[in-house]
Each structure stands twice: as C-alpha cells, then as structure tokens.
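> One structure, as structure tokens, below. Some questions next.
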Amino acid sequence: MRRISVFAALSLGLSSLVSAQTPQTSPLPAPTPEARDIPYPGTLLLSVDATDLDRHIFRIHETVPVTGGVPLTLLLPKWLPGNHSPTGPIADMGGLIFTADGQRIAWTRDPVDDYAFHVTPPANARKLEVDFQYLSAVQQDEGRIAMTPEILRAQWTAMSLYPAGYYVRGIPVQAELRLPEGWGFGTALEVASQHGSLVSFKTVPYDVLIDSPVLAGRYFKRFDLDPGAAVPVMLDVAADRPELLDPTVSQLDQHKALVQQANKLYGAHHYDHYDFLLSVSDRITGIGLEHHRSSEDGVPGAYFLDWDKDAPNRDLLPHEYTHSWNGKYRRPVDLWTPDYDRPMQGSLLWVYEGQTQYWGYVLAARSGLLTKDLALDAIALTAATYDNMPGRSWKSLEDTTNDPVVSMRRPQPWRSWRRSEDYYSEGELVWLDADTLIREKTNGAKSLDDFAQAFFGVNNGAFGELTYDFDTVVATLNGIVPYDWASFLHTRLDGHGPGAPLDGIKRGGYKLVYTDSPSDYHRQVMSLRKYEDFTYSLGIMVSTKDQTLTGVLWDSPAFKAGLTIGTKLVAVNGIAYDKDRLKEVIREAKTIKQPIELLVQNGDHFRIVKLDYHDGLRYPHLVKTDDTPSLDAILTPKN
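Quick note on numbering: the sequence shown equals residues 12 to 650 in this note's numbering.
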C-alpha cells in the first residue's frame, strides 16, 4: 500500500468535508399537468353569492365532476387575458374547503405554482364540492374596489377554480349568480333562467365564462346603441345615483355613432351581441378591460353630467370596443394560451394595444365623442410625452412590451427614465406614421383603414381566435401598399431616437409646438388627475391636493436640483406656493435671469433649491403647417 503525505491527507480530508457541507440542488416537484385539447368529462357547476355588500365578500360554491381515487389539480386563473401578466388575485382567496359525500378532504398547495391546489378524491367519489370566498378590497389602498352598496363587478377569474390538464375551451361550466334584491345587471352571458335575485346562465366553455364578467347595480339602465340590428350592441350603465344614469340625446347619439363608425372601419364583427359594461361611479374603482363580446368600462360619476369637462375619458369605450377585433379575435400568437397557467408573451403588444390606442382616438373623433380639435390636442400631448422621454435613449419601444410582467403596473419612481407600458401610446404614434405613409404613397386612395379591414375584418361572424405573428402584420401591410414594412417597424420598435416617431404628424400636415397656455384637452387632463403640469418647463407635475410632486422628468431642471416625487413645494421666491404664483415666476424668469428659488419639504427636511430655467411656460400643441389633408382626413367620419 502506497503511503501518502500528511499534506495530501489533510487535503483529502478537507475536500471531503467541503463536499459534505456544500448544498446540493433538490429536485423540483412534478409540474402542473400540461393542458391537452380534449373535453373534460362532465360540467362544472359554479354558484356565486354576491349579496354581502357591507363586507365586499363574494361567496363561491363549485361542484367538480371527478373520478374517485384519481389525484386532481385545480387552478385559480393566473395569467389573465387583457392583463398580459400573472395577476390572478390569489391573495384574495379565503376559506378554501374541499368535501366529497359530506366528508372533508385534505388539499395541498403546489410549492412552486401557488395557484395550483392538489387533492385526491375518495375512491367512491363522483364529484368534489369546493367552497371559498373572494375577499375583495374594502379600501382603495387594498386594491380594486369591486363591490359597493350600489354597484358590483363579478369577474369569474377571481371566483372559480378549473381542472388542470385541459384546454379551457374544453371545460363546460354552468354558472349562477345571486345578486342583491332588485338589482339590474349586464353581461355577455345568456340567461337560462331567473328566479328573483338568482340568475342562472346557459352552459358555456370555461374560457367564454372567464371572458364574460357581470356588471350589476342598484341603479341600472340599458341603452340600445344599434336599434333594429340583427347583432345588438347595448350600453349597460350602473351608477352611484339614479341621476347619473341618463345621457342626453346628443351623448347617446355619439355612442351610437361609435358602433356605426366601427362597423364601417372593420367591415365585419366577431360577436353575436356586444355589451359595454359601464360603471359611472366615484366609489367603485375605474376600469378598462377588453372582452370578446363585452368590455368593462369605468368612468367618474360625472361622466354624463360634466360632459364638457371629461374629454380624456371619452376614448375609453372606443379603445375597449376595438379590442373585440384587435386582441380578442385577432390575437398575437404568443398571447394566446390553452389555459390560464401557461405564461403569456407580449412581443406584439405594440399591435394589440398600440394600434388599439390609435383606433380608440380615431373612432372617438369620427363618432363625435371627441371633437377634431380635442383629438389633435390629445395627439399633441402624446407626442410631447415621448419626444421628451429620456428613457428612449436606452430602452426600446419593443422592450416595453415586457413591462406588464417586469413592473406589474406598480407606481414607480423616475418613470421617464425607466419607461413603462409605452407600447400603448408610443405605439399609437407608430401607427399614425404608418397611416399617413400609406396615404402619401397612394395619393389618399388607401390608408390604415384598408389594413383594418384586411387584418381584422375577416371571417364575418366567426367567434373564436385567429392568431398572428410579426410576418403576418408585415404581409398584410404589403398587401395594402408594397414597401419595406419590416424595416419601417423594426426602426421604430428597436430604435432610440433622438426624439419620438413624429413623422406621422409632419406627414399629416401638422407640427408639434409649445406655447405658454395648455390646450383645452390638457386642462381637462390636469383637472381630472388633480395635478398642475410643468413637465416641459421645470420638469415637474404638482398635485393640486397637497402641493407634492407627482412627477419629475429625468435630466430636467428639477431633476438636476435633486427634486423627487413626494417632495412638497412650500414657497416660490420666498412667497407661499400657489400654482398661479409659480406660473407667474416662470414667465418673469424669461427676462429676469436670476434662478427660480423653491422652498421644498421632503419628510422632516426643508431646503431651498434654485432652478436656473429661463424658457418660460411650455405646453404642447399641434399647429397646421400646410394644406396636406392627411391627419384631418383620418379624424373625419366615414360615410
């Protein structure tokens, strides 16, 4: 036997000790069963009690057909359509209990997929009874308010479990909903029967149920937006008070015109009926969420009463309505999934949301929901936002399609640098660019309207999903007018400026300028959102409620002086802060070359900052540059 040295022995011993103490990877549990395109054997029965208005609690009872002794995984929807991220409200579930034949059955949550619940029914069981509660928010800081004493929104995503291992389109479900006595309701679901406040709906596939929420209210009205049409479109309105329910004849006509202009734009539809589920409320949380045969729309309580002050909310219905074509029927291939557990990918959100944002404003103008001047003001505000977006220098528009998952729509500091879901509004500018380019190349004979009909207006009456990818978009654009559309899009999606893609505005006969007075639209935005906007001068937004900064533009004079969101303006040049006082000081600084002096408070600390700014007040506008009719024509109603 060969002898070894003391050093070698020590080395071997140390090596063994290190090996024994070094952590090793433990195996992951078995993954949630993959969805298969086979029918589920049986029909889920779902019953929701939505009458606990004081405590905002929805009580759920579900019956799931099972095979006794066979392990089962039930899932709460996680990746929600229209949210583009894993936002299923799993934290709001309470009191989960499984029983079979009256006997309570143990369950375990998956240690990796926390939306998955594993249970093994007894050998002789044929059905599993499931009970739990959806503990919806009671206060705004807890999340979205879904229930008040006057209004509720029932979203099945929060109030149902479904069996893993199946495409959701293959799982039939029969749902019923108990509402408070005397309440009206609207939904895309068809009613099978109603006994007092208990409403039973016809059996539908689980994906259709998830896509068909219910709006209900103590004060509720329905308006027919397309009287006499074979395919009805209804405006279902629930409000805090009865006097908030009634649009004027003119307002209702503009909503009717929206339906007509959408029909003329797309030339087809993909629903057998459609319901706008509109809450007019200052108590329930506002919302804008698309569905195939309906949309959830939430506006302030004075939507109809203060019509002339509410223009910034009037592109909401056109936007969500457009999603029936763009996003629900025509859907990006990587946003379509067979169930709600498989992750979605948002690489084409600049089409899904960006072009929808574009058509939202165009249809608002064509229907009269926005005047042409208000629509131009809205475009100016969008153009200025992205033309002054420092974050474009490092982060592309394409990369913002990851933000639904990266940032989860949480409040963020330094938004202008880190960027957010800019595929919406910067995407709108890209599609304006494409529209005016098509018009220019065809001398006005064709436009993006032709793309809309060719891309979205196919298979009239078909109900389902038709997916697309980048090459499909490019091929359809080339079918309208031959051009290097792939390079056109990549330049705008992957580029970094300088400046925003404003060629569509220039080609449309306008240019972006700044004056010392905000537009009517900009004034209404500031009023509704309760801030004063000095973004394009000092680089700040100031809350009109408490004088704190709600926005600071990266690399602006305010940023360079060390100001941040949450800082409170106490005084301007030695006099107590007042928005009009600050405006006057900014005007005077154009000729008085001393810095603007601000006394600010951040927490317990006070300090004086000096802003060396002398370019006056600056608010964005579009002004006409020539007789090019392009942008005016885009906003003109179709005959």
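Even glycine gets a Cβ: it sits at the ideal position worked out from N, Cα and C.
May I have a chain-ordered list of the alpha helix (DSSP H) segments no shorter than 4 residues that lie completely inside the stretch 505-531?
Annotation: the stretch 505-531 contains the following complete segments of the alpha helix (DSSP H) (minimum length 4 residues), in chain order: 514-518.
> Under 6 Å Cβ to Cβ from L300, same chain only, skipping five residues before and after it: list those, please.
Indexing the sequence shown from 1 puts residue 300 at position 289. Residues of the same chain with a CB within less than 6 Å of the CB of L300, apart from the 5 flanking positions on each side, are G93, E307 in chain order.
> Using DSSP bridges, identify the partner residues of F128.
The count along the sequence shown starts at 1 and reaches residue 128 at position 117. Partner(s): L85, R120.
> Ignore the nearest five residues each way along the sequence and tell me which others in D461's own chain have a CB closer than 7 Å to its CB.
Along the sequence shown, read from residue 1 onward, the residue named residue 461 stands at position 450. The beta carbon of D461 sits closer than 7 Å to those of I491, all from its chain and outside the five residues before and after it, given in chain order.
> Provide the residue span of the beta strand (DSSP E) that contains E543, from first to last.
What you label residue 543 is simply residue 532 of the sequence shown in a count that begins at 1. DSSP places E543 inside the beta strand (DSSP E), whose first and last residues are 542-545.
> Taking the alpha carbon of D414 as the reference point, which residue from L359, T131, T393, T259 has its own alpha carbon closest?
Residue mapping note: residue 414 aligns to position 403 of the sequence shown, counting from 1. For the residues L359, T131, T393, T259, the minimum Cα distance to D414 belongs to L359.
> Put S548 into one of helix, strand or coil per three-state DSSP.
In the sequence shown, counting from the first residue as 1, residue 548 sits at position 537. The answer is coil: DSSP assigns S548 none of H, G, I, E or B.
> Would you kindly work out how many angstroms separate the C-alpha atoms of E331 and P606, rounded to a whole number?
Here residue 331 is taken as the residue at index 320 of the sequence shown, counted from 1. Here residue 606 is taken as the residue at index 595 of the sequence shown, counted from 1. When rounded, the distance between both Cα atoms is 46 Å.
> Assess contact between the stretch 329-343 and the stretch 400-412, defined as three or more Cβ pairs (one per stretch) separated by less than 8 Å. Is contact present?
Contact check between the stretch 329-343 and the stretch 400-412: fewer than three CB pairs, one atom from each, fall below 8 Å, which does not count as touching.
> Considering just the uninterrupted stretch of the beta strand (DSSP E) at D60, what are its terminal residues?
Mapped onto the sequence shown, residue 60 falls at position 49. Counting along the chain, the unbroken beta strand (DSSP E) around D60 starts and ends at 55-63.
> Measure the beta-carbon distance from R294 to P224 and round it to whole angstroms, keeping in mind my assumption that it falls under 8 Å.
What you label residue 294 is simply residue 283 of the sequence shown in a count that begins at 1. What you label residue 224 is simply residue 213 of the sequence shown in a count that begins at 1. That belief does not hold up - the Cβ atoms of R294 and P224 are roughly 18 Å apart, past 8 Å.
> Within 10 angstroms of the Cβ of S436, are there 16 or more other Cβ atoms? Answer buried if so, exposed if not.
Sequence index remark: in the sequence shown, residue 436 carries index 425 (1-based). Answer is buried; the Cβ neighbour count reaches 16.
> Taking all protein chains shown into account, do 16 or more other C-beta atoms lie within 10 angstroms of the C-beta of A600, making it buried, or fewer, making it exposed?
Indexing the sequence shown from 1 puts residue 600 at position 589. By the 10 Å Cβ count, A600 comes out buried.
> Go ahead and pull the three-state DSSP assignment for V373.
One-based indexing of the sequence shown puts residue 373 at position 362. Three-state result, V373: helix.
> If you check the beta carbons only, do G365 and Y277 fall under 8 Å apart?
To locate residue 365, count along the sequence shown from 1; it is residue 354. To locate residue 277, count along the sequence shown from 1; it is residue 266. Result no, Cβ atoms of G365 and Y277 do not sit closer than 8 Å.
> With distance defined between alpha-carbon atoms, name the residue in D623, A279, I576, T555 nearest to G463.
Looking up residue 463 in the sequence shown gives position 452. Before going on, a small fix: residue 463 reads as Ala here, not Gly. Ranking D623, A279, I576, T555 by Cα distance to A463 puts A279 first.
> Report the residue from F481, Y542, V583 whose alpha carbon sits nearest the alpha carbon of S498.
Reading the sequence shown from its first residue, position 487 is the one you call residue 498. Closest by alpha carbon: F481.
> Sort out for me which residues DSSP pairs A111 with in a bridge.
As a position in the sequence shown, residue 111 is number 100, starting the count at 1. Answer by DSSP bridge pairing, in chain order: Q114.
> What are the boundary residues of the alpha helix (DSSP H) that includes D591?
Here residue 591 refers to the residue found at position 580 of the sequence shown. From DSSP, the alpha helix (DSSP H) with D591 extends over 590-599.
> Cβ atoms of A465 and P631: under 8 Å apart, would you say?
On the sequence shown, residue 631 is found 620 positions in, with the first residue counted as 1. On the sequence shown, residue 465 is found 454 positions in, with the first residue counted as 1. Their beta carbons are not under 8 Å apart, which means P631 does not touch A465 by this criterion.
> Measure the alpha-carbon distance for L172 versus Y285 and round it to whole angstroms.
For the purposes of this step, residue 172 is taken as residue 161 along the sequence shown, with counting starting at 1. For the purposes of this step, residue 285 is taken as residue 274 along the sequence shown, with counting starting at 1. Straight-line Cα distance between these residues: approximately 26 Å.
> List the whole-angstrom C-beta distance separating I182 from L55, where the pair is believed to meet the contact cut-off of C-beta under 8 Å.
For the purposes of this step, residue 182 is identified with residue 171 of the sequence shown, where counting begins at 1. For the purposes of this step, residue 55 is identified with residue 44 of the sequence shown, where counting begins at 1. That pair is a contact at about 6 Å.
> Within 10 angstroms of its Cβ, does L560 collect 16 or more other Cβ (buried), or is it exposed?
Residue 560 sits at position 549 when you count from the first residue of the sequence shown. That one is buried.
> Please confirm whether L513 and D623 have their CB atoms less than 8 Å apart.
Here residue 513 corresponds to residue number 502 of the sequence shown, with the count starting at 1. Here residue 623 corresponds to residue number 612 of the sequence shown, with the count starting at 1. No; because the gap between Cβ atoms is not below 8 Å, this pair is not in contact.
> Buried or exposed: G468, going by 16 or more other Cβ atoms within 10 Å of its Cβ?
Translated into the one-based positions of the sequence shown, residue 468 becomes position 457. Classification of G468: buried, given that the 10 Å Cβ count is 16 or more.
> In whole angstroms, what is the alpha-carbon distance linking G309 and V291?
Within the sequence shown, numbered from 1, the residue matching residue 309 stands at position 298. Within the sequence shown, numbered from 1, the residue matching residue 291 stands at position 280. Across the structure, G309 and V291 are spaced so that their CA atoms are roughly 6 Å apart.
> Express the C-alpha separation of Y282 and G472 in angstroms, rounding to a whole number.
For the purposes of this step, residue 472 is taken as the residue at position 461 of the sequence shown. For the purposes of this step, residue 282 is taken as the residue at position 271 of the sequence shown. Approximately 6 Å, taken between the alpha carbons.
> Please determine, among V75, A199, A186, the residue with the shortest C-alpha to C-alpha distance to V244.
Numbered from its first residue, the sequence shown carries residue 244 at position 233. For the options V75, A199, A186, the alpha carbon positioned closest to that of V244 is the one of A199.
> Need the endpoints of the alpha helix (DSSP H) that G228 sits in, please.
Here residue 228 refers to the residue found at position 217 when the sequence shown is read from its first residue. No alpha helix (DSSP H) contains G228, which is instead part of the beta strand (DSSP E) from 225-228.
> Taking contact to mean 3 or more Cβ pairs, one atom from each stretch, closer than 8 Å, check whether the stretch 111-126 and the stretch 55-67 are in contact.
no
> Bridge partners for W90 per DSSP, in chain order?
The count along the sequence shown starts at 1 and reaches residue 90 at position 79. Answer is P97.
> How do the stretch 637-647 and the stretch 582-601 stand: do at least 3 beta-carbon pairs fall below 8 Å, yes or no?
no
> Considering N274, what are the terminal residues of the alpha helix (DSSP H) in which it resides?
Position 263 of the sequence shown, counting from 1, holds the residue named residue 274. Looking at the DSSP string, the run of the alpha helix (DSSP H) that includes N274 is 260-277.
> So is I390 buried or exposed if we call it buried at 16+ other beta carbons inside 10 Å?
Along the sequence shown, one-based indexing puts residue 390 at 379. Under this definition I390 is a buried residue.
> Please determine if the stretch 180-196 and the stretch 231-243 are in contact, where contact requires at least 3 C-beta pairs separated by less than 8 Å.
Three or more Cβ pairs closer than 8 Å define a contact, and the stretch 180-196 meets that threshold against the stretch 231-243.
> Leaving aside the five residues before and after A313 along the sequence, list all residues of the same chain whose C-beta is less than 6 Å from its C-beta, in chain order.
Translated into the one-based positions of the sequence shown, residue 313 becomes position 302. Cβ neighbours of A313 beyond the five flanking positions: none.
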